[in-house]
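Asks: Chains A and B supply the protein sequences, listed in that same order.
So in the working numbering, spot 320 of the first sequence is number 458, and the numbers just go up one at a time.
So in the working numbering, spot 101 of the second sequence is number 124, and the numbers just go up one at a time.
We put the CB at the ideal spot given by N, CA and C, even for glycine.
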Amino acid sequence: MELIDRYIYAVIKRIPQKQRADIEKEIRTLIEDMLYASCGENIPSSADYENVLKELGNPAELAAKYNDKKNYLIGPEYYDTYLTILKIVLPCVIFGSVVVAFLEILANTPETFGSAFGDVVGAICSGAFQGFTWVTVIFALNERFLNIKALDAKKNWSVSDLPEIPKKEAIIKPVDPILGIVFSALFSIFFIFENHLIGIYNFSESKLISIIPLFSPEGIRRVIPWVVVIFIMLLMKEGIKLFTGRWNITVCAVAIITNIISLILSVLILKNNTIWNQSFLSELEAAGIGVSIQNINTAEIWNGVTKGLVYIIVFGYIIDSVVFLYRGIRYAR
Amino acid sequence: MKKEMISERMFGLNDIEEIVRSYISELRRGTLILCVLSRLDEPKYGYSLVQELEEKGIPIDAGTLYPLLRRLEKQNLLSSIWELTDSRPRRYYFLSDTGKAVYSRLCAEWHSMVSSMNKMIS
Chain A
139 MELIDRYIYA VIKRIPQKQR ADIEKEIRTL IEDMLYASCG ENIPSSADYE
189 NVLKELGNPA ELAAKYNDKK NYLIGPEYYD TYLTILKIVL PCVIFGSVVV
239 AFLEILANTP ETFGSAFGDV VGAICSGAFQ GFTWVTVIFA LNERFLNIKA
289 LDAKKNWSVS DLPEIPKKEA IIKPVDPILG IVFSALFSIF FIFENHLIGI
339 YNFSESKLIS IIPLFSPEGI RRVIPWVVVI FIMLLMKEGI KLFTGRWNIT
389 VCAVAIITNI ISLILSVLIL KNNTIWNQSF LSELEAAGIG VSIQNINTAE
439 IWNGVTKGLV YIIVFGYIID SVVFLYRGIR YAR
Chain B
24 MKKEMISERM FGLNDIEEIV RSYISELRRG TLILCVLSRL DEPKYGYSLV
74 QELEEKGIPI DAGTLYPLLR RLEKQNLLSS IWELTDSRPR RYYFLSDTGK
124 AVYSRLCAEW HSMVSSMNKM IS
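(1) Ordered along the chain, which non-local residues of its own chain (more than five positions away) have a Cβ less than 7 angstroms from that of B/E41?
(2) Thinking C-alpha only, which one of A/Y464, A/G377 and A/P363 is nearest A/I407?
(3) What is the rounded straight-line gap between the Cα of A/Y145 and the Cα of A/V275?
(4) Let me make sure I understand the geometry here. Which of A/V258, A/N196 and A/W414 has the alpha-carbon closest to that of A/Y147?
(5) If you draw a straight line from the alpha carbon of B/Y68 to that of B/S135, how long is it in whole angstroms?
(6) Spell out whether any CB of chain A is found under 8 angstroms from the CB atom of B/G53.
(7) At least one CB of chain A closer than 8 angstroms to the CB of B/T87: is that the case?
(8) Does the beta-carbon distance from A/L373 to A/G234 come in below 8 angstroms?
(9) Could you tell me the distance, in whole angstroms, from the CA atom of A/A175 to the CA atom of A/I142?
(10) Which residue's Cα is closest to the Cα of A/G377: A/F418, A/V367, A/A202 and A/V389?
(11) Among A/A308, A/L403 and A/E199, which one has its Cα closest to the Cα of A/V452?
(12) Tell me whether the beta-carbon of B/V73 lies closer than 8 angstroms to the beta-carbon of B/L57.
(13) Write down every uninterrupted run of the alpha helix (DSSP H) in the region 82-107 of chain B whose length is 4 residues or greater and which is fully enclosed by it, in chain order.
(14) Please name the residue in B/S71, B/S127, B/E77 and B/N37 whose C-alpha comes closest to that of B/L60.
(15) Using only the alpha-carbon positions, how far apart do A/L335 and A/A391 sit?
(16) Suppose you measure from the CA of A/S344 to the CA of A/I450; what does that come to, to the nearest Å?
(17) Once you ignore the five residues that flank B/E96 on each side, which residues in its own chain have a CB closer than 8 angstroms to its CB?
(18) Less than 8 angstroms separating the beta-carbons of A/I309 and A/G357?
(19) Just the chain B side, please: which residues come within less than 7 angstroms of A/K203 by C-beta, in chain order?
(20) For the 8 angstroms Cβ check, are there 3 or more pairs between the region 253-261 of chain A and the region 235-242 of chain A?
(21) Give the range of the beta strand (DSSP E) segment to which A/G337 is assigned.
(22) Let me check understanding here. Comparing Cα to Cα, which of A/G318, A/L194 and A/Y217 lies closest to A/A393?
(23) Report all residues from its chain with a CB closer than 7 angstroms to the CB of A/M371; omit the five preceding and five following residues, and keep chain order.
(24) If we define contact as Cβ-Cβ less than 8 angstroms, is B/R44 a contact residue for chain A?
(25) May I ask you to report which of helix, strand or coil DSSP gives B/M24?
(26) From the DSSP output, read off the bridge partner residues of A/W272.
(27) Thinking C-alpha only, which one of A/I153, A/P315, A/I457 and A/V190 is nearest A/K375?
(28) Check each candidate in A/N386, A/F329 and A/S342 and name the one with the smallest Cα separation from A/I368.
(29) Sort B/L50, B/T108 and B/D38 by Cα distance to B/S71 and report the nearest one.
(30) Under 7 angstroms between beta-carbons, which chain B residues line up against A/L141? List them in chain order, please.
(31) Whose C-alpha, out of A/F353, A/Y464 and A/A425, is nearest the C-alpha of A/V443?
(32) Can you give me the C-alpha to C-alpha distance between A/V236 and A/G466, rounded to a whole angstrom?
(33) Output, in sequence order along the chain, the residues in the region 240-272 of chain A whose CB is closer than 9 angstroms to any CB in chain B.
(34) B/K67 by DSSP, collapsed to three states: which one?
(35) If you follow the beta strand (DSSP E) that A/S348 is in, where does it begin and where does it stop?
(36) Could you give the distance in angstroms between the alpha-carbon of B/E77 and the alpha-carbon of B/A85?
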């Protein structure tokens, strides 16, 4: 009977491949038994078929009873955290995308206001979509692969697991690390893909004529792996801040170690001459900007600028690490 | 005015009806496994179990019982075997050794629970 096949198909398609054959056989014999119970030796009418299938109920519900696995993407345990993080990430990503879109508009000078407006709206949509997707994917992966461990830990908890109530100043609000992650992600992406926008903007009568890039796209392409490592270091640093939720020795130690690694890599990257736009000075001169400094040795200035950048970064990292050190000692317990 | 009060009371009654029904089904659900285990000291196929439980005043949907049997088998409380009866293949379920042990423990628990409950509500 075709109705039976259709009913069984509706159940089976919602069940994992491996169990299908077996469950199909089982449901088929069940339906036959039910038909026999209602009609005996008589040949069942189509009304009998319908009644039996109605008694068995909605195929989706029957399949759900067979599947005792979780059928949700993010479970109730993590749902609140998920919403909180989305609420922080989405505005950040949208803000960042808008900034990038404006820089993009500035660089390419779109023809009409409409197309510029379109660019911004597009950036907001794709930024929001990206942010939403990544947060969701991370939480879904956590649900599938890590949640079980969390449950185990929950069963074996002891009183000593109760966290100390941190001093108010020792608490790290989630906004802080998340902002850190979002902005450095945006910065890394910007640095890798849009580095042609970093440079001297050459305006003439308030119209942008050209951008003289500070970096060489070629050179930057070669250091991408190191930029990624620096980003991973930052992820570790902000990640441990996010999940610990308070300052303590471990958080500060991890922060300082990742800082040192990133610092060394940053200096190595910036010291590498190939990442700089080698013809920056001549382009500057061609654009008529360098004229006023013609008498001075421009190469030396250029050297000084790149060196200065290295000093600024070293200085930044040292300040950051000293702050960590202070917090680590202050809020040790 | 009077009409309103009556309808409100009727609504209240329906509410109680609804709540009672949902708690009864919760109570039944808790005892279901004990019912099933108690019937399977000899091999039975799913639908015969449905009929037997209904006769004994414990109606259960086949759509609930069949997945339950599978789950109990997965937990090693039941074993199963396909057999031909009346020229039809059917899966027969029966208690495994683990199932027997679990059943006797659950029975003991049930008896003590019933006597405590009786003391409380009688």
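Replies: This is what the structure gives:
(1) none
(2) A/P363
(3) 34 angstroms
(4) A/N196
(5) 31 angstroms
(6) no
(7) yes
(8) no
(9) 16 angstroms
(10) A/V389
(11) A/L403
(12) no
(13) 85-97
(14) B/S127
(15) 36 angstroms
(16) 31 angstroms
(17) S102, S103 and Y116
(18) no
(19) G86, T87 and P90
(20) yes
(21) G337 to S342
(22) A/G318
(23) T396, I399 and S400
(24) no
(25) Bear in mind that the predicted position of B/M24 carries a pLDDT of just 49, short of 50, making it unreliable; the figure below should be weighed with that in mind. Residue state, collapsed to three classes: coil.
(26) According to DSSP, which records beta bridges pairwise, A/W272 is partnered with nothing at all.
(27) A/P315
(28) A/F329
(29) B/T108
(30) Going along chain B, no residue has its Cβ under 7 angstroms from A/L141, so there is no contact; the nearest lies around 16 angstroms.
(31) A/F353
(32) 36 angstroms
(33) none
(34) strand
(35) K345 to P351
(36) 11 angstroms
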